[in-house]
Amino acid sequence: MAAQLLVEQGHAVVLHARNEDRSNAARSAVPEAEAVVTGDLSSIAQTRNVAAQVNALGSFDAVIHNAGVGYREPRRVATEDGLPEVFAVNTLAPYILSALIAKPKRLVFLSSGLHRGGDSSLEDLAWEHRPWKGQQAYADTKLQDVILAFGIARLWPEVLSNALEPGWVATKMGGPGAPDDLDAGRRTQVWLAVSNDPDALVSGSYFYHMRHRDPHPASRDVDVQTKLLNECLHISGVALEAKRSPA
């Protein structure tokens, strides 16, 4: 839906899908898209390859990190790298993509209102020592998305990096009875990605339906940001450049 709105506004759009079947479905939904990059974000190797595909297409004005899984998984679903799928897709993938894709002008990270219940200690990110709790694991990753957005905003002052919550909306994840405004969720993504509205030309902010909203206080803690970035580096082997290299 966000891609459709961007196309309607005259922007060149590249989509992402996790496999060829999903790629074909994405092309059918948004036939005006310039391209579709393909790769399963639960895999570190495939996520690295997605970044390479993106870079081969050229530079981008904005990247929207809105892929997400989980919510109430009844058990720890392990990836090929031995990580919980919900962490690999929701947290590690946007970290790797942000680190490896040539810096855009704007980054948009999708979080959730559930992030306020996330564990800010960042202990046991892989859930190797804790008894599994699916909703808690999801909430943790959504807090981590805000921490990533704000940490990158601090380290990359030339990039506008923000997070948003789309609300409890009627997607496959949210379910058909979700009461929130699905259209407002996509419009906030697009607004942060392309708008010249002064309210959108900010960095290190959190939004709900194009309005500022207070995030979990730990997301602004520099020590917490640093810890998460270091943990993602340790797990993925991919380093996030601290500052833009001199021209």
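Count along the sequence shown from 1, then add 372; that gives the number in my numbering.
All C-beta atoms, glycine included, are put in the ideal place defined by N, C-alpha and C.
Computed from a predicted model, the values in this text were never measured in an experiment.
For residue i: DSSP bridge partner residues
i, result
"A460", "The partner list for A460 (beta bridge, DSSP) is empty, contrary to what the question assumes."
"S533", "L479"
"R583", "Y580"
"T543", "Paired residue(s): none; T543 is not in a bridge."
"V409", "H388"
Three-state secondary structure (DSSP) of residue i
i, result
"A434", "strand"
"E452", "coil"
"V386", "strand"
"V402", "coil"
"G609", "coil"
"W563", "helix"
"L573", "coil"
"Q381", "coil"
"V441", "coil"
"N568", "coil"
"F394", "What sits at residue 394 in the sequence shown is Arg, not Phe. Three-state result, R394: helix."
"K505", "coil"
"S470", "helix"
"R558", "helix"
"A614", "coil"
Cβ-based burial, residue i [other Cβ within 10 Å; buried from 16]
i, result
"P618", "Annotation note: pLDDT 39 at P618 (below 50); position unreliable, coordinate value reported separately. Label assigned to P618: exposed."
"H606", "exposed"
"N391", "exposed"
"S400", "exposed"
"E537", "buried"
"D517", "buried"
"G549", "exposed"
"W504", "exposed"
"P456", "buried"
"G557", "buried"
"P570", "exposed"
"A535", "buried"
"R478", "buried"
"V496", "Residue 496 is actually Asp in this sequence, not Val. It is exposed - the Cβ of D496 has fewer than 16 other Cβ atoms within 10 Å."
Quiz prompt | At least 3 beta-carbon pairs within less than 8 Å: the stretch 486-503 vs the stretch 584-597 | solution = yes
Quiz prompt | Ranges of the beta strand (DSSP E) found wholly within the stretch 475-502, counting only runs of at least 3 | solution = 478-482
Quiz item: Counting pairs of Cβ atoms below 8 Å between the stretch 425-434 and the stretch 444-459, do you hit three or more?
Solution: no
Quiz item: With contact counted as at least three CB pairs below 8 Å, one residue from each stretch, are the stretch 492-500 and the stretch 465-480 in contact?
Solution: no
Quiz item: Using 8 Å as the threshold, is the stretch 475-483 in touch with the stretch 504-522, meaning 3 or more CB pairs across them?
Solution: yes
Exercise. Determine, using beta-carbon pairs with one atom in the stretch 440-448 and one in the stretch 401-410, whether at least three such pairs fall under 8 Å.
Key: no
Quiz item: Do the stretch 384-398 and the stretch 577-584 touch if we need at least three Cβ pairs shorter than 8 Å?
Solution: no
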